[in-house]
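Remarks on the structure that follows.
Numbering (this note's numbering), first residue to last: 14 to 199.
This is how it looks when you write it as structure tokens:
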């Protein structure tokens, strides 16, 4: 079986992929963040890697030029989904992390999909209740509030669809975060 990890929030995917690789599994980890965003890159976790990745770690060219455009990435994933679906097609099991969980709803039912949650990918991106802080941001410019609400609601809906598509999820033990527990029960 071939395994693909897409998204590496807080190096969660790297840690799982590295251990699976040690056990002899056919694993590929796709890195999707700029080189200067160390928190989500393997070299922050493993000093032996440096700037040259082993063959099982593939760096994707970003569709976005700066991390400041992350809202565009969140909102426009459906525009670029075919590119990523082609990349993932050769794999039997696809493990999605972070904002990539939304891609799950587009993946063929013949594939196994797993969501590997790292925190805000469930707590924030899948909960419409988290929109209140965004409304506070737009308090200074209230005419932006409906736009922000519309965008965030769309992101939440996509993330929830990706969660529903998953064959399995990995998250903190039940009881640690009751809000997220309730989201997963839906």
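We put the CB at the ideal spot given by N, CA and C, even for glycine.
This one's a predicted model, so the numbers in the text were calculated from it and none came from an experiment.
- DSSP places residue 165 inside the alpha helix (DSSP H), whose first and last residues are 158-178.
- Taking C-beta atoms as the reference points, residue 17 and residue 41 count as a pair closer than 8 Å.
- A Cβ-Cβ separation of about 5 Å places residue 131 in contact with residue 23 under the 8 Å criterion.
- For residue 16, the enclosing beta strand (DSSP E) covers residues 15-19.
- A residue is called buried once 16 or more other Cβ atoms fall within 10 Å of its Cβ, and residue 93, having fewer, is exposed.
- Sequence-distant partners of residue 44 (beyond 5 residues in either direction) whose C-beta falls short of 8 Å from its own C-beta, in its chain, are 21, 53, 54, 55, 66, 70, 71, 72, 73.
- Of the residues 167, 108, 165, 188, the one whose Cα lies closest to the Cα of residue 181 is 108.
- Between residue 110 and residue 179, the C-beta spacing is not below 8 Å.
- Taking the CA atoms as reference points, residue 35 sits about 40 Å from residue 166.
- Inter-residue distance for residue 29 and residue 160 is about 37 Å (C-alpha atoms, whole angstroms).
- Residue 25 counts as buried, since at least 16 other C-beta atoms from the protein chains shown sit within 10 angstroms of its C-beta.
- Residue state for residue 71 is assigned as strand, using DSSP reduced to three classes.
- Around the beta carbon of residue 104, a 10 Å sphere encloses 16 or more other beta carbons of the protein chains shown; the residue is thus reported as buried.
- Under the three-state reduction of DSSP output, residue 181 falls in the strand class.
- Excluding the 5 residues flanking it on each side, residue 125 has same chain C-beta neighbours closer than 6 Å at 106, 180, in chain order.
- The beta carbon of residue 33 sits closer than 8 Å to those of 16, 40, all from its chain and outside the five residues before and after it, given in chain order.
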